[in-house]
Amino acid sequence: MTVRVGVIGTGMIGRDHTRRLQQVLAGAHVVALADYSFDAARAAQADLAPEATVYATGEELIAAADVDAILVTSTGSTHEAYVLAAIAAGKPCFCEKPLATTAEGAKRIVDAEVAHGTRLVQVGFMRRYDAGYRMLKEVVDTQIGTPLMVHAAHRNPSVPEAYLTPMAIHDTLIHEIDVLRWLLDDDYVSAQVVFPRASSKAHAKLRDPQVVLLETAKGVRIDVEVFVNCTYGYDIQCQVVGEEGLANLPEPMAITKRLGAELKNDILTDWKDRFVASYDVELKDFIAAAQAGTASGPSAWDGYVAAITSDACVTAQDNEGTIIPITLPTRPALYN
Ligand code: NAD
Ligand code: ISE
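In this text, residue positions in the sequence shown follow the working numbering: the first is 171, and each later residue adds one.
The following block contains the structure:
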């Protein structure tokens, strides 16, 4: 069965996912598009999905009889309402991160899905599908002994002026929040943030870099450097230290050059290139589950836990050095 998909939000990643569904992956076809900017939706239609219908609102798209499944790739603050509408319509829904911009909003989605009784939501935490993280998890699970510590870094070459201090958590660290929980099969119990000497590229509304310290229920200590104006490239690092050894996330494949009396490798600069394959695999997973009328992969519960953890980290930013406890509610059976 070919899944007929409606895409809400045809900005950068909405267009990229539409391209994937239309040109790369089998089993799905984009039949509907909507964006707050009608011109943006029309442009995506012209460039990527000429046969799709453009709807004036996301709500109309969700209600359309010929739309089987929904992709929510609009601005983060709009996700909650669209995901709730998709659940109410009983349609599988892939939602880019964040699931919602508040923990309360994410909880409303969990409650709605639990009331529906089966999974319909997949959150766009694509790193769980990355071949490097999967190899790392296999080694952590089987070879290096009990994990004790994680040292990680999330570095972007630069960010726009509108990117502010809390976005380092909600927009950027959120990937580590999810993937490290998955990697360690653990949950967080506290967060703390400290700010090193500021980069000259930081400004009044953006403290950069920052170091987030997380502690897990099993006692693992995690430090993540978030440095969003690191200048030199897009660089994701992750090292897990276990009782008997340590394991590093592999570097992306790159040609080693001996050139001009130097030995060098290029470093990627764009997150789209770094995780290009994992975006394909996450959507393949979404299509396969949607064909059966359900969802798999990162769940609404994972989105909710990420939102609770993000909120604690933002509180920790506002109270530099203070350890902020993280308490999770009981996980509903649907997510076991
Ligand atoms: P973008 O600004 O390029 O696109 C967002 C689009 O949403 C715009 O076209 C805008 O007009 C539209 N929009 C705004 N309000 C809307 C509404 N109420 N209804 C319908 N459309 C609306 O942003 P982007 O970079 O494509 O990011 C979109 C989402 O994807 C964000 O939540 C972001 O965090 C997430 N994202 C995830 C990753 C990842 O690595 N998984 C990467 C980038 C972005
Ligand atoms: C962006 O929104 C993403 O999700 C990227 O994966 C992340 O690396 C970047 O920091 C975010 O701004």
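The beta-carbon is built from N, C-alpha and C at its ideal position, and this holds for glycine as well.
Under the DSSP definition of a beta bridge, Val-224 partners with Leu-203.
Check the Cα spacing between Ile-314 and each of Arg-278, Val-410, Ala-465 and Thr-271: the tightest is with Val-410. Per DSSP, Met-319 lies in no alpha helix (DSSP H) segment; the continuous beta strand (DSSP E) that holds it begins and ends at 317 to 325.
Setting aside the 5 residues that flank it on each side, Asp-405 is surrounded in the same chain by Ala-323, Arg-325 and Ile-437, each with a C-beta closer than 7 angstroms to its C-beta; the list follows chain order.
When DSSP assignments are scanned along the segment 226 to 253, the uninterrupted stretches of beta strand (DSSP E) that are 3 or more residues long and fall wholly within it turn out to be 239 to 242. With contacts defined as CB atoms closer than 8 angstroms, Ala-213 and Gly-181 fail to qualify as a contacting pair. Counting along the chain, Thr-188 sits inside no beta strand (DSSP E); it lies in the alpha helix (DSSP H) bounded by residues 182 to 189. The alpha helix (DSSP H) runs of length 4 or more contained entirely in the segment 340 to 373 are, from start to end of the chain, 344 to 354. Apart from sequence neighbours up to five positions away, the residues of its chain that approach Leu-419 with a beta-carbon distance below 8 angstroms are Gly-302, Tyr-303, Leu-306, Ile-406, Gln-407, Cys-408 and Gln-409, ordered along the chain. Membership of Thr-485 in the alpha helix (DSSP H) is indicated by the continuous run 470 to 488. By the Cβ test, the segment 373 to 391 is in contact with the segment 348 to 356, since at least three Cβ pairs between them sit closer than 8 angstroms. Between the segment 425 to 445 and the segment 192 to 211, the count of Cβ pairs shorter than 8 angstroms is below three; the stretches do not touch.
The C-alpha of Asp-472 is placed about 26 angstroms away from the C-alpha of Leu-231. Distances from the CB of Asp-443 to the heavy atoms of ligand 1 are all 7 angstroms or more. In this structure, the CA atom of Tyr-333 is about 14 angstroms from the CA atom of Val-484. A distance filter of 6 angstroms between CB atoms and the heavy atoms of ligand 1 selects the following residues in sequence order: Ile-178, Gly-179, Thr-180, Gly-181, Met-182, Ile-183, Gly-184, Ala-204, Asp-205, Tyr-206, Ser-207, Ala-210, Gly-228, Thr-243, Ser-244, Thr-245, Gly-246, Thr-248, Glu-266, Lys-267, Gly-294, Met-296, Asp-341 and Trp-441.
If you draw a straight line from the Cα of Ala-462 to the Cα of Val-291, it comes to about 13 angstroms. The shortest C-alpha to C-alpha distance from Arg-297 to any of Val-446, Ala-459 and Thr-492 is the one to Val-446. Comparing alpha carbon positions, the residue from Leu-376, Arg-377, Lys-375 and Ile-392 closest to Leu-383 is Ile-392. In this structure, Pro-268 lies away from Ala-465, with their beta-carbon atoms at least 8 angstroms apart.
Under the Cβ criterion (8 angstroms, minimum of three pairs), the segment 444 to 460 does not count as touching the segment 479 to 494. Cβ atoms of His-340 and Thr-245 stay farther apart than 8 angstroms, at about 12 angstroms.
In the DSSP assignment, Gly-176 falls within the beta strand (DSSP E) that extends over 173 to 178. Cβ contact annotation for Leu-498 (same chain, cutoff 7 angstroms, sequence separation greater than five): Asp-357, Val-475 and Ile-478, in chain order.
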